[in-house]
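Right, one structure below, let's go through it.
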């Protein structure tokens with residue numbers, strides 16, 4: 375495979391220092407992903423470059439970052455398919471910066487808890503199991519790999535640090551859809567607030583960048599519809 379020379383302009387930050395960008399030249403081919411290129415940079419040019427990764431196939435969500443301004447998983451983002459001679463690599467937005475391309479995901483995980491997360495269930499159907507009709511729809515939230523791309527892309531999170539965020543709201547809708555013994559009214563009360571589902575501007579950026587097709591924006595719209603339905607029902611004496 376013919377190789378091409380691509381420049382990587384990588385965001386750098388170490389505690390106590392000012393953020394900057396550093397440019398590296400890398401030889402890539404048609405199979406090179408952004409993650410592979412970063413590994414090559416760290417291995418051959420700069421061992422101090424910090425970034426996260428684990429599974430290499432878009433299952434763990436740890437390699438989330440911004441590439442040319444777009445939130446992606448670096449492990450499945452092909453360098454040559456980007457079509458640019460310079461690839462700009464930056465950390466996710468709306469999360470505390472730790473170092474280089476590494477951000478603190480603690481707040482992201484904390485947002486899940488009031489929605490009843492984490493949720494535990496079987497990951498696959500048994501061969502002879504009786505599968506309820508329409509259950510495939512409910513797998514969408516379970517497909518969330520907690521990569522944080524939606525939180526980074528959301529324009530509201532950047533201006534309102536108290537906003538629950540698209541991932542947590544998608545988790546909330548999942549609990550309303552299938553309570554499993556929990557009272558959905560508790561979750562609905564949690565999201566029915568100034569920094570809850572009504573704070574969303576319906577930009578749908580979260581759904582656009584989601585690598586697992588969870589569609590958090592759609593879940594937020596569903597929460598709004600359910601809340602509206604219940605409030606109208608209460609107004610006319612129905613639930």
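Residue numbers (the working numbering): 375 to 613. Note that CB positions come from ideal geometry on N, CA and C, so glycine has one too.
- Between the beta-carbon of residue 380 and that of residue 453 there is about 6 Å, and that keeps the pair under the 8 Å contact cut.
- Taking a contact to require three or more Cβ pairs closer than 8 Å, the segment 433-443 and the segment 390-405 do not qualify as touching.
- Taken in chain order, the whole beta strand (DSSP E) runs of length 3 or more contained in the segment 411-475 are 438-441, 444-447, 460-464, 471-473.
- When the beta-carbon positions are compared, residue 539 and residue 525 come within less than 8 Å of each other.
- In terms of Cβ geometry, residue 448 and residue 409 form a close pair [threshold 8 Å].
- For the pair of segments examined, the segment 544-554 was found not to touch the segment 457-476: the number of CB pairs separated by less than 8 Å stays below three.
- Contact annotation: residue 378 and residue 402 have beta-carbon atoms nearer than 8 Å.
- Excluding its 5 nearest sequence neighbours in each direction, residue 388 has C-beta neighbours in its own chain below 7 Å: 473, listed in chain order.
- In this structure, DSSP gives residue 388 a state outside helix and strand, which the three-state scheme calls coil.
- In this structure, the alpha-carbon of residue 574 lies about 12 Å from that of residue 542.
- The beta carbon of residue 435 lies closer than 6 Å to those of 519, 520, 521 in the same chain, with the five residues before and after it left out.
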